[in-house]
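Contents: one structure, followed by commentary.
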Amino acid sequence: MRAVLIAAKQLAFAKTRLAPALTAAAERIALAEAMFRDVLAAALSARRPEMVAVVTSDAALIALARQGGAMVIDEEFPRGLNVAVRLGTEYLIEREATTVCTLLSDIPLVTSEDIDASFAAMPTDGAGVVLVPSADYTGTNMMTRRPPEVIQTRFGRMSLLRHVDDCRAQGVPCEMLRMARPAIDLDVPQDLIEFARMPSMTHTFGQLARLGMIHG
Numbered sequence: 001m002r003a004v005l006i007a008a009k010q011l012a013f014a015k016t017r018l019a020p021a022l023t024a025a026a027e028r029i030a031l032a033e034a035m036f037r038d039v040l041a042a043a044l045s046a047r048r049p050e051m052v053a054v055v056t057s058d059a060a061l062i063a064l065a066r067q068g069g070a071m072v073i074d075e076e077f078p079r080g081l082n083v084a085v086r087l088g089t090e091y092l093i094e095r096e097a098t099t100v101c102t103l104l105s106d107i108p109l110v111t112s113e114d115i116d117a118s119f120a121a122m123p124t125d126g127a128g129v130v131l132v133p134s135a136d137y138t139g140t141n142m143m144t145r146r147p148p149e150v151i152q153t154r155f156g157r158m159s160l161l162r163h164v165d166d167c168r169a170q171g172v173p174c175e176m177l178r179m180a181r182p183a184i185d186l187d188v189p190q191d192l193i194e195f196a197r198m199p200s201m202t203h204t205f206g207q208l209a210r211l212g213m214i215h216g
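The following block contains the structure:
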């Protein structure tokens, strides 16, 4: 059974590196929520996964996930991204998931087609890992694993290299899948400037417009 797992930080702690551009915490919270909405919508629209789950400790995101029809894995308190993903992965394995695509909640341009493509890139049988890199090829923005714990996630600094190294060390087939839309994450002020140059029908673009960061 194929599943999508979206990992999301508490909104109050999200996107602190955007503070130079979005000085008010309420602005960063609103933007992080908009990004989550976009990622959740893409996952729920994908055709290949049979389950969509969200792991978070944020009450507002839990409510949004439930409203959308996603499974909710309540982290209860912030444990760190990789611990949260492990908790969510174990939950999905208990529900008979055999392949899990993990998405970060700050890639607002990701589409259902991108998620389906990640599942399609898996080997036809046996173990495998598909990695979708960030735009600078240092981070991992999407990661599909079969079985779901074939390697542990190492999201964070230089995660792409760490994931590739783990696959090599354990002899797990690894596919690097370069996709333009999920490669774009919003971490630092320059990312907002680049994103604003690409009009889209996303909640995130609309939120940036409301914040006065979109100029005609």
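Under the working numbering, think of the first position of the sequence shown as 1, with each following residue one higher.
For glycine and all other residues, C-beta sits at the position ideal for the given N, C-alpha and C.
The model shown is predicted, which means the values in this text are computed figures rather than measured ones.
Would you check if the distance between the CB atom of residue i and the CB atom of residue j is smaller than 8 Å?
{"i": "Ser-112", "j": "Arg-47", "result": "yes"}
{"i": "Met-1", "j": "Met-51", "result": "yes"}
{"i": "Thr-102", "j": "Val-83", "result": "no"}
{"i": "Thr-202", "j": "Leu-31", "result": "no"}
{"i": "Pro-133", "j": "Arg-178", "result": "yes"}
{"i": "Arg-146", "j": "Thr-99", "result": "yes"}
{"i": "Thr-138", "j": "Met-158", "result": "yes"}
{"i": "Leu-211", "j": "Glu-27", "result": "yes"}
{"i": "Ser-57", "j": "Phe-36", "result": "no"}
{"i": "Gly-68", "j": "Leu-44", "result": "yes"}
{"i": "Asp-187", "j": "Arg-66", "result": "no"}
{"i": "Ile-107", "j": "Pro-49", "result": "no"}
{"i": "Gly-128", "j": "Glu-175", "result": "yes"}
{"i": "Val-172", "j": "Val-150", "result": "yes"}
{"i": "Leu-64", "j": "Ser-200", "result": "no"}
What first and last residue would you give for the alpha helix (DSSP H) that runs through residue i?
{"i": "Val-83", "result": "81-94"}
{"i": "Met-35", "result": "25-45"}
{"i": "Leu-161", "result": "159-170"}
{"i": "Leu-192", "result": "189-196"}
{"i": "Thr-124", "result": "Unbroken run through Thr-124: none, as it is neither H nor E."}
{"i": "Arg-210", "result": "203-210"}
{"i": "Arg-66", "result": "59-68"}
{"i": "Glu-113", "result": "112-120"}
Span of the beta strand (DSSP E) holding residue i?
{"i": "Pro-133", "result": "128-133"}
{"i": "Thr-56", "result": "51-56"}
{"i": "Ala-3", "result": "2-7"}
{"i": "Leu-104", "result": "99-104"}
{"i": "Glu-175", "result": "174-176"}
{"i": "Asp-74", "result": "71-74"}
{"i": "Arg-48", "result": "Here Arg-48 belongs to no beta strand (DSSP E), and DSSP marks it neither H nor E."}
{"i": "Ala-146", "result": "Strictly speaking, residue 146 in this sequence is Arg, with Ala absent from that position. From DSSP, the beta strand (DSSP E) with Arg-146 extends over 140-146."}
Assuming residue i and residue j form a contact by the criterion Cβ under 8 Å, report the distance between their Cβ atoms to the nearest whole angstrom.
{"i": "Val-55", "j": "Leu-104", "result": "Val-55 to Leu-104, Cβ: 11 Å. No contact."}
{"i": "Ala-3", "j": "Ala-53", "result": "6 Å"}
{"i": "Asp-74", "j": "Ile-62", "result": "6 Å"}
For chain C, is any of its Cβ atoms less than 8 Å away from the one on residue i?
{"i": "Gly-128", "result": "The structure shown has no chain C; it contains just one protein chain."}
- Message: With a threshold of 8 Å, are at least 3 pairs of Cβ atoms found where one atom belongs to the segment 33-47 and the other to the segment 6-23?
- Response: yes
- Query: So does the segment 183-192 actually touch the segment 129-143, counting three or more Cβ pairs closer than 8 Å?
  - Reply: yes
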